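Shown next, in structure tokens, is the structure this report addresses.
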Amino acid sequence: MHPNDSPPTGLIHHTPHRHPSQPTHSSTPCQQLLPVPNPVLSYWLTQPHKYADLRSTPHLPPACDVAIIGSGMAGVLTAYHILQSNPSCSVVLLDARSLCSGATGRNGGHAKVKTATLVGLKSEAERNALQAYVFGTMRGLKEVVDREAGLAEECEFEMRRSFDVFQSAGELDGVKSVYEDAVKKGEEWTKHVAFVGKEMVQNVTSIRDAVGGFSSPAVSLWPYKFVAGTLSRMADRHSLERFNVQMNTPVLSVTHDNVLSTPRGKVQAGKVVFATNAWTVGLLPSFAGSITPLRGMASHHKSHKVVHPLLNNTYNIHFADSHNQPTSTDYLNPRPDGGIVVGGGGSFFRHDKPSWWNNFDDSVHFGNHVEKYWDEYMPRTFLGWEDSNAVPDMVWTGIMGYTSDDKPHIGRVPGVESGKWMLAGFNGGGMSHIAIVAKAVARMVVNDLDFEDVKEEFGLLEGCGTSVQRLDKT
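When the letters of the sequence shown are read in order and numbered with the numbering used here, they come out as residues 362 to 835.
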């Protein structure tokens with residue numbers, strides 16, 4: 362394994378819109394697919410940054426070299442790397458809502474690759490490549506917090522271990538058999554993954570009814586504070602002519618020659634980056650069927666007394682029913698203050714497909730019959746939490762961008778004139794992609810390159826370059 366294929370080291374303590382009914386190939390934008398103006402508040406967004414609603418200038422700048430649509434991690438890091446690499450470029454960053462109010466401000470707050478995902482791949486080469494790619498993403502995050510003084514502490518950045526824990530013996534055996542075979546063959550990826558057997562797993566993870574698990578490296582942080590802290594440093598460092606931020610300014614359309622129309626006026630851009638994830642089809646209707654918005658659910662749990670031992674790792678918990686059959690997988694991220702962020706609960710709403718599939722409304726909750734899933738979650742899931750009086754003090758929804766082939770769309774926008782790039786469709790796992798993808802897209806934009814031109818340099822995954830061929834398969 363190349364030295365850079367290892368994980369980084371070190372520990373640092375509008376009106377609601379209706380769903381689109383848009384043909385797959387259309388020349389007009391689907392304007393109603395916009396982020397709703399009044400999203401449910403997530404735990405990550407409870408401490409709004411002073412630049413949350415920043416408009417660098419009262420009026421839109423008439424022109425810029427690069428316009429970036431979207432102020433989540435994808436948009437902000439792309440802007441960051443463009444400005445780092447090109448001292449003369451002017452960048453305008455626009456968002457329909459306030460800063461980082463989409464998926465990045467509603468996710469689980471950790472970056473990792475699940476062992477079950479690795480063993481599900483067909484070859485050692487694919488497994489090694491995916492793990493190296495995610496390690497590259499983790500390094501990309503750490504490079505930013507190391508470069509920007511004080512950011513690591515602000516966003517609670519930590520290098521941790523993460524556990525994939527199983528309650529179903531059958532599901533565990535399927536993963537374990539591939540893992541053990543790979544260990545015998547000396548596959549590189551297994552050097553960073555450790556198996557924890559039944560006799561130890563409950564002591565190590567505190568998860569009830571666990572029959573085994575795997576641990577691997579992960580990054581944990583407060584994603585909103587990472588994005589807000591990065592953007593604020595950029596805004597303070599660069600002149601208004603070089604970096605202009607316009608929040609609460611939805612882009613309604615982008616013409617073939619890169620004129621962005623908004624309710625506040627137009628911007629003529631030389632190049633455009635779509636960091637629009639689940640809302641991509643609203644501006645690029647050819648992606649209908651290729652990137653679909655899916656609504657998910659997450660929660661924050663607070664204990665009214667200190668629980669020992671403190672949970673120091675992140676988790677993916679593979680639950681099972683009373684018949685030892687797998688049911689669903691939740692993710693869990695303990696916070697330094699003792700609070701717990703948990704996402705999932707799919708077993709309580711997946712039967713109601715309209716409530717989540719092709720649903721981009723994060724202004725409403727799933728309902729009490731679904732949110733009751735979080736009642737007593739920590740005491741019933743973790744040993745030692747029986748008397749914690751832990752309660753879910755916040756529950757929220759978020760919109761993910763799912764792709765028809767389970768791979769993100771990265772690179773030059775297919776089927777249109779040059780000057781448009783994108784990074785979108787992260788299938789609910791953007792934290793494990795974006796830091797490296799944004800750096801690669803920035804290189805493409807600055808040097809007028811395609812996905813294939815930078816794939817090897819950044820270790821991008823095969824098949825993630827967007828193309829007409831991928832769109833035609835949907």
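C-beta: ideal position from N, C-alpha, C; glycine also. Bear in mind the structure is a predicted one, so any value in this text is a computation, not a measurement.
Boundaries of the beta strand (DSSP E) in which residue i is found, first to last residue
i: residue 607; result: 604-607
i: residue 579; result: 573-581
i: residue 629; result: 626-635
i: residue 695; result: 687-695
i: residue 557; result: 555-557
i: residue 656; result: 652-663
i: residue 519; result: 519-527
Proximity below 8 Å, CB of residue i to CB of residue j
i: residue 612; j: residue 592; result: no
i: residue 789; j: residue 812; result: no
i: residue 396; j: residue 470; result: no
i: residue 628; j: residue 440; result: no
i: residue 662; j: residue 701; result: yes
i: residue 460; j: residue 415; result: yes
i: residue 654; j: residue 466; result: no
i: residue 559; j: residue 572; result: yes
i: residue 658; j: residue 721; result: no
i: residue 562; j: residue 526; result: yes
i: residue 688; j: residue 705; result: no
i: residue 781; j: residue 633; result: yes
i: residue 725; j: residue 709; result: no
i: residue 647; j: residue 832; result: yes
i: residue 595; j: residue 444; result: yes
i: residue 785; j: residue 638; result: yes
i: residue 430; j: residue 635; result: yes
i: residue 787; j: residue 762; result: yes
i: residue 495; j: residue 472; result: yes
Euclidean distance between Cα positions of residue i and residue j
i: residue 507; j: residue 581; result: 15 Å
i: residue 830; j: residue 735; result: 42 Å
i: residue 530; j: residue 696; result: 30 Å
i: residue 674; j: residue 521; result: 6 Å
i: residue 622; j: residue 778; result: 18 Å
i: residue 452; j: residue 774; result: 19 Å
i: residue 404; j: residue 755; result: 7 Å
i: residue 752; j: residue 656; result: 23 Å
i: residue 515; j: residue 606; result: 21 Å
i: residue 620; j: residue 631; result: 9 Å
i: residue 819; j: residue 766; result: 22 Å
i: residue 822; j: residue 447; result: 26 Å
i: residue 640; j: residue 651; result: 12 Å
i: residue 810; j: residue 538; result: 42 Å
i: residue 540; j: residue 764; result: 28 Å
i: residue 533; j: residue 569; result: 15 Å
i: residue 608; j: residue 412; result: 9 Å
i: residue 364; j: residue 602; result: In this prediction, residue 364 has a pLDDT of 43, which is less than 50 and means its spatial position is unreliable; nothing more can be read from the coordinates.
i: residue 707; j: residue 542; result: 32 Å
First through last residue of the alpha helix (DSSP H) which encompasses residue i
i: residue 507; result: 485-508
i: residue 440; result: 434-446
i: residue 740; result: 738-742
i: residue 598; result: 584-598
i: residue 804; result: 795-808
i: residue 535; result: 530-545
i: residue 730; result: 729-732
i: residue 621; result: Careful: residue 621 lies outside any alpha helix (DSSP H), inside the beta strand (DSSP E) at 620-623.
i: residue 480; result: 476-480
Own chain partners of residue i with C-beta closer than 7 Å, once the 5 adjacent residues on each side are dropped
i: residue 402; result: 757
i: residue 410; result: 460, 589 and 593
i: residue 479; result: 488, 491, 492 and 550
i: residue 660; result: 703, 735, 753, 755 and 756
i: residue 806; result: 427, 443, 632, 634 and 782
i: residue 553; result: 368, 492, 577 and 578
Check: residue i C-beta below 7 Å from any heavy atom of the ligand MG
i: residue 507; result: With respect to small molecules bound, the structure shown includes none, and the ligand MG cannot be examined in it.
Nonlocal neighbours in the same chain, by C-beta distance under 6 Å from residue i, ignoring five residues either side
i: residue 576; result: 522, 524 and 555
i: residue 557; result: 565 and 574
i: residue 485; result: 548
i: residue 382; result: Low confidence applies to residue 382: its pLDDT is 32, below 50, so where it sits in the model is not reliable, and the reading given next is rough at best. None.
i: residue 828; result: 775
i: residue 716; result: 710
i: residue 747; result: 740
i: residue 733; result: none
Proximal residues to residue i (C-beta, below 8 Å), its chain only, five neighbours per side dropped
i: residue 745; result: 567, 668, 669 and 670
i: residue 610; result: 416, 421, 455, 456, 457, 623, 624 and 625
i: residue 509; result: 590, 591 and 594
i: residue 804; result: 442, 446, 810, 815, 818 and 819
i: residue 512; result: 505, 506, 518, 587, 590, 591 and 594
Exercise. Can at least three beta-carbon pairs, one atom from the stretch 538-553 and one from the stretch 482-502, be found at a separation below 8 Å?
Worked result: They touch, by the three-pair rule.
Exercise. When the Cβ atoms of the stretch 677-693 are set against those of the stretch 409-424, are three or more pairs found closer than 8 Å?
Worked result: Touching, no.
For this session: Would you check if the stretch 428-437 and the stretch 795-809 touch, i.e. whether three or more CB-CB distances between them fall below 8 Å?
Result: Counting Cβ pairs under 8 Å, three or more are found: they touch.
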